[in-house]
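Counting in the numbering used here, the final residue of the sequence shown is number 142, and the numbers go up one at a time with none missing. All residues carry an ideal CB built from backbone N, CA and C; glycine is no exception. Reviewing the structure listed below.
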Amino acid sequence: MRGPLLAAAGGGLGAMAEGPLARTIRAKLAAALQPTHLQVLDESSRHGGPPGTESHFSVVVVSGRFAGLPPLQRHRLVHAALRAELAGPLHALAIVARTPQQWESDSRVPPRPPCLGGSKQERRRDAAGADEDSPRDQ
């Protein structure tokens, strides 16, 4: 069997270098789950944080350790590996957890919906309010 494929964040030639939290996530998941495929993607910029925030991540983990386990148990294994990070700097984690056989038959990753978090909603509300005369401004 070949060694694990550990994909770079972003997955392309133009991908930015991983930050310290992304490297920690990658190292802990690799050690705990011995994946045959691992993607770690920092999605923090999609969630309104300042550059370099490292708070929102998605991971794709393909591991034989997931064989026979339902999705909830697979996610629990990922969460257990990242317990310290989830208690601290890691605010959100999207997980795709598959067995090698599942990955071979379908390596598509479902798209995640756009973020509608508080900061973006507040900006929309503020922008809409700026166009109208507010009773406070009179």
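- Contact between the segment 104-120 and the segment 75-94 is absent, with fewer than three C-beta pairs closer than 8 Å.
- Excluding its 5 nearest sequence neighbours in each direction, Glu89 has C-beta neighbours in its own chain below 8 Å: Leu25, Thr28, Ile29, Lys32, listed in chain order.
- Pairwise C-beta distances place the segment 97-106 in contact with the segment 60-77, as three or more of them are shorter than 8 Å.
- Only residues of its own chain outside the window of five on either side were considered, and among them Pro8, Ser67, Gly68, Arg69 have a CB closer than 8 Å to the CB of Gln38, listed in chain order.
- Annotated three-state conformation of Ala26 is helix, per DSSP.
- In the DSSP assignment, Ser62 falls within the beta strand (DSSP E) that extends over 60-66.
- For Gln43, the uninterrupted beta strand (DSSP E) run begins and ends at 41-46, by DSSP.
- Between Glu47 and the set Thr40, Pro55, His41, the nearest pair of CA atoms involves Pro55.
- In the displayed model, Val113 falls within coil according to three-state DSSP, outside both helix and strand.
- DSSP, read as helix, strand or coil, puts Leu86 in coil.
- Cβ contact annotation for His95 (same chain, cutoff 7 Å, sequence separation greater than five): Ser59, His60, in chain order.
- Boundaries of the beta strand (DSSP E) harbouring Arg102: 96-102, taken from the DSSP string.
- Here the alpha carbons of Glu108 and Thr57 stand approximately 34 Å from one another.
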